[in-house]
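Residue numbers (full-length UniProt numbering): 1 to 676.
The C-beta atom is built at its ideal place from N, Cα and C for all residues, glycine as well.
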């Protein structure tokens, strides 16, 4: 007994050494604060660990030249807050209108210091539980059958304090600089430390390694004071207006392209950086050579004993020596703090800077570990906006909804509507939804049809990559067919080598909507939920597998899909063909007529007129409908020679117009009598 009590006390002491929370969030950047907000709104037990003394520490240093490339469009001509978020790339989602970024800056491209202040206010005003000055230095697993995912996450900070969590949300972003090692790389200055004072570069010749926004931002800062700037990267420049990817080169930073193409000494070169080598001469000048020239040489032996490319090719492009070489190669995820038991592995190919995650943003190696924010961009890398605030604010909300269903039995939020509202619901969402608009081809609205297609259930902004798991991930049933609504660009419109300004680039006719190039809504119809195999075998560049039917709403110059003939009518007819029903709305007189002439009444009659609901008739309304062709004109002609109706007809017509309800027996009796 004594041994048992002693062992129990040891276990209790061991547990007391860990501070437990249901959810642990590493990082108080934008995605970490966004996740904290949703957890706090639902009353969950969570904590955010931040290594710095304030949130958003990345923005305290980057971008180095202090101008963001995320737009802050303060005016759109509309008061719809959801629509306005389509053009607000900096605000996080919250219920507090004070925390809209347009209240913090009037600049179209705001300053990074403003973002720091905004994130500080977001954390403080919403009273988010952030533990500052806590650097998590090690994360491992502890197996436990009673844990949510079969294990706990054990986090250790710089003071050796340990924390235990059931679910881990990694929101650390990408902050480890990408470094290429080659002979002479010790002479290279990093973007993270290089001077941002243009005068320090006056009269100098500069080589920049890299071709992203950080490289062009650096070049833009010193463009007017240098002798010339050369930029080297293994890939050609990708312009965001051609690729429609906001992470590619933005127009605000592309001044070097002008000076290059307009013959002002600056230039761009393509080459593998790992094949380069840098040699420093006695005057401190940096000479570019190739690695294979140095294979049997000692770089410290002096430049005179080293063969340079211009010794064999006298017009070698980078034969002029440089005063400075600057590395601007972006960042990568910090894998170093995770124990091998978590099996967090890098992605492959050009996504190797990101950790491997599934389309629901959960680690492929460890259940219960979710990656949020910029580090989750592998799901939509070079496709959508998931690596940026205006994208991951929605994917973070999606992850929270998945967790609510998995751990707390709270199904994915949905609304139920009669099928007569199907067209209106779709039109409203494609015209105002910001999550669909920003995370095109990644997040989708799901319409689940109820039995007999009389009602539907509407789910907003669900990750399409896990469509096959919808019932398990959301707690909703999809047994009667479904519609999936996404936003897409044209298949062959985006690319680094595409001319997106060619003549006749836009489609305006509804019959050619499938050829639309610019962002437009696409509706997929499935008679059943796609399987995992169908998702894996979907055509290249398709967000979804082949549907039973698909409908493109023709692109619109104003991104306003409310035109009755070009947008709404083709959509309604598509939905009617899929459902085999008539989705038009009818006046009571038409429903009354259909009761005698059709075997099946339209849904609007069944859900309106039969239930004594709908518009109250009047002579003016009836005449307007008849003139518009919506109703057949049943008014009787005047009697020949008299100019008046017969008394019996006149009295009956006046009686019909006076009564608020058409004086007929109950409709069910009429239908039964007709059947008999």
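Burial state of residue i (16 or more Cβ within 10 Å)
i, result
"residue 612", "exposed"
"residue 353", "buried"
"residue 472", "exposed"
"residue 98", "exposed"
"residue 270", "exposed"
"residue 237", "buried"
"residue 400", "buried"
"residue 430", "buried"
"residue 17", "exposed"
"residue 108", "exposed"
"residue 262", "exposed"
"residue 193", "exposed"
"residue 438", "buried"
"residue 462", "buried"
"residue 600", "exposed"
Inter-residue spacing [alpha-carbon to alpha-carbon] between residue i and residue j
i, j, result
"residue 435", "residue 320", "50 Å"
"residue 445", "residue 483", "8 Å"
"residue 374", "residue 89", "14 Å"
"residue 42", "residue 75", "32 Å"
"residue 51", "residue 133", "5 Å"
"residue 83", "residue 102", "14 Å"
"residue 627", "residue 620", "11 Å"
"residue 146", "residue 159", "28 Å"
"residue 338", "residue 48", "17 Å"
"residue 486", "residue 189", "44 Å"
"residue 649", "residue 610", "Because residue 649 sits at a pLDDT of 43, beneath the cut-off of 50, its placement in the model cannot be relied upon, and the point is left open."
"residue 451", "residue 398", "27 Å"
"residue 372", "residue 355", "11 Å"
"residue 153", "residue 53", "24 Å"
"residue 546", "residue 513", "18 Å"
"residue 165", "residue 45", "10 Å"
"residue 494", "residue 22", "43 Å"
"residue 335", "residue 184", "27 Å"
"residue 646", "residue 583", "Confidence is the limiting factor: at residue 646 the pLDDT is only 46, short of 50, which leaves the residue's position unreliable, though a coordinate-based value still follows. If I take the Cα positions, the gap works out to 39 Å."
"residue 521", "residue 313", "54 Å"
"residue 669", "residue 406", "Any reading at residue 669 must be qualified, since the residue scores a pLDDT of 43, below 50, and its modelled position is unreliable; the value itself is stated next. Going by the C-alpha atoms only, they are around 49 Å apart."
"residue 535", "residue 544", "7 Å"
"residue 585", "residue 420", "8 Å"
"residue 27", "residue 381", "21 Å"
In DSSP terms, what residue i is bridged to
i, result
"residue 444", "462"
"residue 104", "According to DSSP, which records beta bridges pairwise, residue 104 is partnered with nothing at all."
"residue 487", "521"
"residue 449", "456"
"residue 143", "151"
"residue 363", "357"
"residue 290", "276"
"residue 235", "Per DSSP, none; premise fails for residue 235."
"residue 164", "20, 154"
"residue 385", "Note: residue 385 sits in no beta bridge, so no partner."
"residue 170", "26, 371"
"residue 594", "According to DSSP, which records beta bridges pairwise, residue 594 is partnered with nothing at all."
"residue 46", "23"
"residue 270", "233"
"residue 415", "458"
"residue 526", "482"
Among the options, the one whose alpha carbon lies nearest that of residue i
i, options, result
"residue 519", "238, 556, 499", "556"
"residue 283", "418, 323, 264, 314", "323"
"residue 69", "596, 250, 326", "250"
"residue 39", "61, 94, 64", "94"
"residue 121", "77, 565, 56", "56"
"residue 391", "289, 30, 479, 24", "30"
"residue 759", "113, 407, 124, 334", "Nothing about residue 759 can be read from this structure; the chain reaches only from 1 to 676."
"residue 496", "246, 21, 206, 141", "246"
"residue 318", "81, 326, 287", "287"
"residue 35", "137, 172, 144, 81", "172"
"residue 219", "234, 567, 257, 135", "257"
"residue 490", "460, 572, 479, 542", "542"
"residue 633", "598, 607, 593, 135", "593"
"residue 207", "197, 116, 73, 231", "231"
"residue 605", "599, 596, 588", "588"
"residue 161", "415, 537, 19, 577", "19"
"residue 416", "396, 306, 455, 564", "455"
Check your understanding: Can you list, in chain order, the stretches of the alpha helix (DSSP H) that have 4 or more residues and sit fully within the segment 308 to 346?
Key -> 309 to 312
Check your understanding: Can you list the alpha helix (DSSP H) stretches of 4 or more residues lying completely in the segment 62 to 135, in chain order?
Key -> 81 to 84, 112 to 125
Point to revise | Runs of alpha helix (DSSP H) wholly within the segment 186 to 246 (minimum 4 residues, chain order) | key: 213 to 222, 240 to 243
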